[in-house]
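I have placed the structure first, in the form of structure tokens, so that the comments after it can refer back to it.
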Amino acid sequence: MQQILGQSYYFPSQVAIGGYKVGNQLLLIDTGNDDSSIRKAIRGFENIEVVAIFNTHSHADHCGGNAYIQKQYHAPVYCPELEQDFVQNPILEPTYLYGAYPIETLKNKFLMAKPSKVTHLVDSEAPICVSFNGENHSFTPISLKGHSPNQYGFITPDGIAYLGDALISTEMVTKHPLIFTYHVAEHYKSLERLKTLSAKGFVIAHGGYYDQIDALITSNIQALNATQSLLLNALDQSPHTFDQLHEMLYTAYDLNETVPLHILNRSVLKAHIAYLVDLKLVQLDVEQGKIILKK
Ligand SMILES: [Zn+2]
47 MQQILGQSYY FPSQVAIGGY KVGNQLLLID TGNDDSSIRK AIRGFENIEV
97 VAIFNTHSHA DHCGGNAYIQ KQYHAPVYCP ELEQDFVQNP ILEPTYLYGA
147 YPIETLKNKF LMAKPSKVTH LVDSEAPICV SFNGENHSFT PISLKGHSPN
197 QYGFITPDGI AYLGDALIST EMVTKHPLIF TYHVAEHYKS LERLKTLSAK
247 GFVIAHGGYY DQIDALITSN IQALNATQSL LLNALDQSPH TFDQLHEMLY
297 TAYDLNETVP LHILNRSVLK AHIAYLVDLK LVQLDVEQGK IILKK
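The working numbering numbers the first residue of the sequence shown as 47 and each following residue consecutively.
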């Protein structure tokens, strides 16, 4: 892991893993995709003892290494309420994406982590005290819902904010402009919240360490806005089915889809439609076996 400031560290990889180290004791912020990702993240430290895990949210690439750490170190797991159900019962993730017991191809390690046991619930922004060698250190949770149902970021006593997937890098937004969202209104709210969040530095899971996040916030907001505009423009022309809107996004974004990616993208499309329905900009009807969306 690389030191950012004081006791705050991160391991740069496809999914950045956070660390806070006091002596030989380490707290992890997310654990990557599997045993091997978390082992790689901590192997640079000698005689390290993991004293706790904070999970920002339940996506498999953030909690997939929990099981290994719990087995090795019996570390407690702090996880946001609601997200904990998915961490403990990973079949829920592909189930909610598919809408029923999932097809086999969705039960992969990117959508279904190894199960682990949550020992502490995070359900407010009240500071969390963790003991390192008998000394208490206080971490501040920050509610960052939207990308997932109840995501939280965590600020270390050094003032480094670990934001999970509340933001993704501008490079990634450019590459995958249909950014993953579960609740668009909450996602926008969290992005606004980040504009005023005071911290000395920021770690985002898909992007790494940043001193400043203003430009990232703008690119993430623009990406959500662009998807909304594409959908509203299409619906201005004529009513559409979900399949037709999906095909429109496929063309507009030049998507490269496998079955699991199609199902993930469909979930993002449905999140945007739910937002537009809440705003009373879109209505749903059912006709001859098809949901019809219209303005
Ligand atoms: Zn995520």
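All C-beta atoms in this analysis are idealised placements derived from N, C-alpha and C, irrespective of residue type, glycine included.
message: Does the region 97-113 come into contact with the region 165-185, if we say contact requires no fewer than three beta-carbon pairs (one atom in each stretch) closer than 8 Å?
response: Under the three-pair Cβ rule at 8 Å, the region 97-113 counts as touching the region 165-185.
field: Nearest-angstrom Cβ-Cβ length linking Asn-311 and Leu-301, presumed shorter than 8 Å
entry: Right, their Cβ atoms sit about 6 Å apart.
- request: Confirm, please, whether the CB-CB distance from Gly-78 to Gly-111 is below 7 Å.
  value: With contacts defined by Cβ atoms closer than 7 Å, Gly-111 and Gly-78 form a contacting pair.
task: Any chance you could list the beta strand (DSSP E) runs of at least 3 consecutive residues sitting entirely within the region 61-120, in chain order?
output: Counting only runs of 3 or more, we get 63-68, 71-75 and 95-100.
query: In terms of alpha-carbon separation, which member of Lys-153, Pro-223, Asn-196 and His-108 lies closest to Pro-306?
result: Closest option to Pro-306, Cα to Cα, is Lys-153.
field: Complete runs of the beta strand (DSSP E) confined to the region 303-339 [at least 3 residues]
entry: Within the region 303-339, the complete beta strand (DSSP E) runs of at least 3 residues fall at 329-333.
Option nearest Met-218 by Cα separation, candidates Tyr-208, Phe-200, Thr-202 and Ala-251: Answer by Cα proximity: Ala-251.
task: Spell out whether any CB of chain D is found under 7 Å from the CB atom of Leu-157.
output: Of the protein chains in the structure, only one exists, and it is not chain D.
message: Need the endpoints of the beta strand (DSSP E) that Tyr-208 sits in, please.
response: Its beta strand (DSSP E) spans residues 206-208.
message: Which same chain residues end up closer than 6 Å to Gln-49 when comparing Cβ atoms and leaving out the 5 residues on each side of it in sequence?
response: The answer, listed in chain order, is Tyr-55.
- prompt: Which value, in whole angstroms, describes the spacing of the CA atoms of Leu-322 and Ala-231?
  reply: Distance between the alpha carbons of Leu-322 and Ala-231 is about 10 Å.
message: Here's the rule: buried if 16 or more other CB atoms are within 10 angstroms of the residue's CB, otherwise exposed. What is Glu-139?
response: Label assigned to Glu-139: buried.
message: Among the candidates Thr-304, Asn-271, Val-164 and Val-314, whose CA atom is the shortest distance from the CA of Leu-291?
response: For Leu-291, the nearest C-alpha among the options comes from Val-314.
- prompt: Using a threshold of 6 Å, is the CB atom of His-252 nearer than that to any non-hydrogen atom of ligand 1?
  reply: The answer is no for His-252.
- prompt: Helix, strand or coil: how does DSSP classify Asn-182 here?
  reply: If DSSP states are grouped into helix, strand and coil, Asn-182 belongs with the strands.
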